[in-house]
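S.K.: In terms of my numbering, the sequence shown has 611 at position 522, counting the first letter as 1, and numbering is strictly consecutive.
Note that beta-carbon positions come from the ideal geometry of N, C-alpha and C, so glycine has one too.
If you scroll down you'll find the structure; I have some questions about it.
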Amino acid sequence: MILLRKYLAIVAVFSLFFTSCTKDEEGTLNNDPGSESFAELSLGATLNDFVNRAAVKQSIPDCSSDAPAYAHIELTHNAGTDLEGVINVNVPILSEDGSFFTDYDEDLKIPVANADDKTATVSVTTFLVYDGDPDDAGSTVIWAAPATTSEYGAFVNQGLPYNFPIRAGSKKYVDIEVLCFDDREVNLYGYQFFDLVPEVLHEVCIFANYCDDDGRHYTANYSLEVIYTGGDEDRTLYTSMDLPEDSYGFDEDTGDYYADPFCFAVPAPMFDETSTTEYIRIIATLSNWEGNYPTPAEEEIVLNLTWSQIMESVREDGTIDYFHILFCDEDDDPGNGNGEECDPQDPAADCDNDTIPNGQDNCPATPNTDQADLDEDGIGDVCDSDIDGDEILNENENPGCVRDPDPTCGDSVAECPTLPSAGDCERVYVAGTDVTDLTEWIAITDSEPLPIFIGNNTTVALGLISFDADGDMLLINTNTSFYLKDYRLEIVDELGDAITCVYEDDLTAPEDTNEADVDIEVTGDFSGTVYVRFSANVCTRSDT
90 MILLRKYLAI
100 VAVFSLFFTS
110 CTKDEEGTLN
120 NDPGSESFAE
130 LSLGATLNDF
140 VNRAAVKQSI
150 PDCSSDAPAY
160 AHIELTHNAG
170 TDLEGVINVN
180 VPILSEDGSF
190 FTDYDEDLKI
200 PVANADDKTA
210 TVSVTTFLVY
220 DGDPDDAGST
230 VIWAAPATTS
240 EYGAFVNQGL
250 PYNFPIRAGS
260 KKYVDIEVLC
270 FDDREVNLYG
280 YQFFDLVPEV
290 LHEVCIFANY
300 CDDDGRHYTA
310 NYSLEVIYTG
320 GDEDRTLYTS
330 MDLPEDSYGF
340 DEDTGDYYAD
350 PFCFAVPAPM
360 FDETSTTEYI
370 RIIATLSNWE
380 GNYPTPAEEE
390 IVLNLTWSQI
400 MESVREDGTI
410 DYFHILFCDE
420 DDDPGNGNGE
430 ECDPQDPAAD
440 CDNDTIPNGQ
450 DNCPATPNTD
460 QADLDEDGIG
470 DVCDSDIDGD
480 EILNENENPG
490 CVRDPDPTCG
500 DSVAECPTLP
510 SAGDCERVYV
520 AGTDVTDLTE
530 WIAITDSEPL
540 PIFIGNNTTV
550 ALGLISFDAD
560 GDMLLINTNT
570 SFYLKDYRLE
580 IVDELGDAIT
590 CVYEDDLTAP
600 EDTNEADVDI
610 EVTGDFSGTV
620 YVRFSANVCT
630 RSDT
């Protein structure tokens, strides 16, 4: 039986607003703490699990799936007045009708200074969302908004600190962007209404060699500028980013100059670029390396990347393949990375300077210290024209299939009808789906729960799906606020087997919110691990 349970949770929404009351009957504000006007704060946001940008040379942390429980808030108010103060408070997070918001707290009662305009200035300096009480050692930060001056500031339009006026008797709403953050102390956005914009980021790594006029190869020192070229205008993500000093040098034991791959984070397409549209431009500028090679001209190389190329750099074990840049003329011959001629037939030499001798190197002309070899054919992935060994050259593979040994990967399948447009509803997919390549299969084990995501935003989970592959029944349950309008489920026991298709469209919401949306028998005999492709259109009951 295939037992499919889908539990949808409403997208969490926080709202922060200010309300105030004036205690002076004539409307005059005074500085007596017992009679001044106050603005009462409640903070909230649309909280989405956003992938945080990692520091250079560090792996990108995964976003937590834990629910927000507390907000840690730090702010200053009434600067330069007698009522100037600082607030540092932990506030529980409540939820109602799908929205998240901070609980009322007396500490968030802001006095409004005596002034002609009856306003006070508030500056939010920190807003941290925790998965538990921040005073408990086991609690961790799950969301954070970056400071304007931080290295993450390039990925948001407005960073902290954020200064704004509040007026007695008013409510104010402001949009704020946040990124997932893992165990880092950082200033965050916090106040009024948070409409958080998801920022999905991915790690990219670069390795470079330099060739002199004689064609000798050297491990290169260089700087990078990274530009987001999608959207209406270019956006510089990194400006003149030098290779970290601890990432290159001279190994006195081996007598070799070395350099590690240069890794940094870039965002996923944010302006509806396709997976094959070039949207990230990397400008590499060759730098001097005293002792390794003579001072070179400031040669530049431009590398333009698509989202597909970036995603295909991820190996099955989660590590990253680097992009190789050569500051060389096309007819240059490789040296040994130390400015000397190198004989590629010499098994003791190291022509690509990756610390692995030619005789042991599965790519002797291309640096690859990890020696990754997916198809175990003795040819490293970085120089293998058929990485997955399916007898289809990398350049001829379907999108997303360079590392999939299934020769049918990416082939169109006609067994299931195409879902209709989502319209005013939401298109959802099971976790693990690459929305740029919907031909890929997801492996599901018995009763293994997986979240469902909206579109290509793999940070906003609407619920869970679990499959029980021991029979022939399909059951789909939605949250009481949603209903299933259309769905398409494809199932195979083994990749390459005949596909079982379950498809229905134009469904109506059950009158009883506790009734299953789908409860049908599925023809097939499935057990153990199965492979599925699932997509659906989910609507709110308010759409009916």
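What does a CB cutoff of less than 7 Å around residue 327 pick up in its chain, not counting 5 residues either side in sequence?
M.R.: Counting only Cβ-Cβ distances below 7 Å, and skipping sequence neighbours, we find 313, 314, 315, 353.
S.K.: Check each candidate in 223, 210, 624 and name the one with the smallest Cα separation from residue 250.
M.R.: 210
S.K.: Does the distance from the CB of residue 215 to the CB of residue 161 come in under 8 Å?
M.R.: yes
S.K.: Would you kindly report the start and end of the unbroken beta strand (DSSP E) that includes residue 314?
M.R.: 310-317 is the span of the beta strand (DSSP E), which, as asked, contains residue 314.
S.K.: Comparing C-alpha positions only, which one of 334, 438, 364, 200 sits nearest to residue 394?
M.R.: Nearest neighbour of residue 394 by Cα position, chosen from 334, 438, 364, 200, turns out to be 364.
S.K.: Considering only residues of the same chain and omitting the five flanking positions on each side of residue 218, which have a CB-CB separation below 6 Å?
M.R.: 157, 160, 231, 232
S.K.: What number of angstroms, rounded off, separates the C-alpha of residue 224 from the C-alpha of residue 465?
M.R.: Taking the Cα positions, residue 224 is about 50 Å away from residue 465.
S.K.: From this set, 440, 492, 484, 480, which residue's C-alpha is nearest residue 461's C-alpha?
M.R.: 492
S.K.: So, helix, strand or coil for residue 630, using DSSP?
M.R.: Three-state result, residue 630: helix.
S.K.: What residue does the alpha helix (DSSP H) around residue 400 start on, and which one ends it?
M.R.: 396-401
S.K.: Can you tell me which residues form a DSSP beta bridge with residue 359?
M.R.: Per DSSP, none; premise fails for residue 359.
S.K.: Can you list, in chain order, the residues of its chain with a C-beta nearer than 6 Å to that of residue 292? Leave out the 5 residues immediately preceding and following it.
M.R.: Hits under 6 Å: 149, 352, 354, 409.
S.K.: Pick out whichever of 295, 324, 620 has its Cα sitting closest to the Cα of residue 578.
M.R.: 620
S.K.: Determine the closest residue to residue 375 out of 309, 320, 399, 324, with distance taken between C-alpha atoms.
M.R.: 309
S.K.: In terms of residue numbering, what span does the beta strand (DSSP E) encompassing residue 327 cover?
M.R.: 324-331
S.K.: Helix, strand or coil: how does DSSP classify residue 163 here?
M.R.: In the structure shown, residue 163 sits in a strand (DSSP, three-state: E or B).
S.K.: Secondary structure at residue 277, three-state DSSP: helix, strand or coil?
M.R.: Any reading at residue 277 is ruled out, since the residue's pLDDT is 29, under 50, leaving its predicted position unreliable.
S.K.: Considering only residues of the same chain and omitting the five flanking positions on each side of residue 502, which have a CB-CB separation below 6 Å?
M.R.: Low confidence applies here, because residue 502 scores a pLDDT of 47, under 50, leaving its location unreliable; read the following figure in that light. Result list for residue 502: empty, nothing under 6 Å.
S.K.: In chain order, what residues of the same chain lie with their CB nearer than 6 Å to the CB of residue 391, ignoring the 5 residues before and after it?
M.R.: 372
S.K.: What is the rounded straight-line gap between the Cα of residue 91 and the Cα of residue 164?
M.R.: Note that residue 91 scores 25 on pLDDT, short of 50, meaning its location in the model is unreliable and no value can be drawn from it.
S.K.: Using 8 Å for Cβ pairs, my map puts residue 508 next to residue 377. What's the rounded Cβ distance?
M.R.: Incorrect: roughly 57 Å between the Cβ atoms, too far for contact.
S.K.: Just mark residue 515 as buried or exposed, buried being the case when its beta carbon has 16 or more other beta carbons within 10 Å.
M.R.: buried
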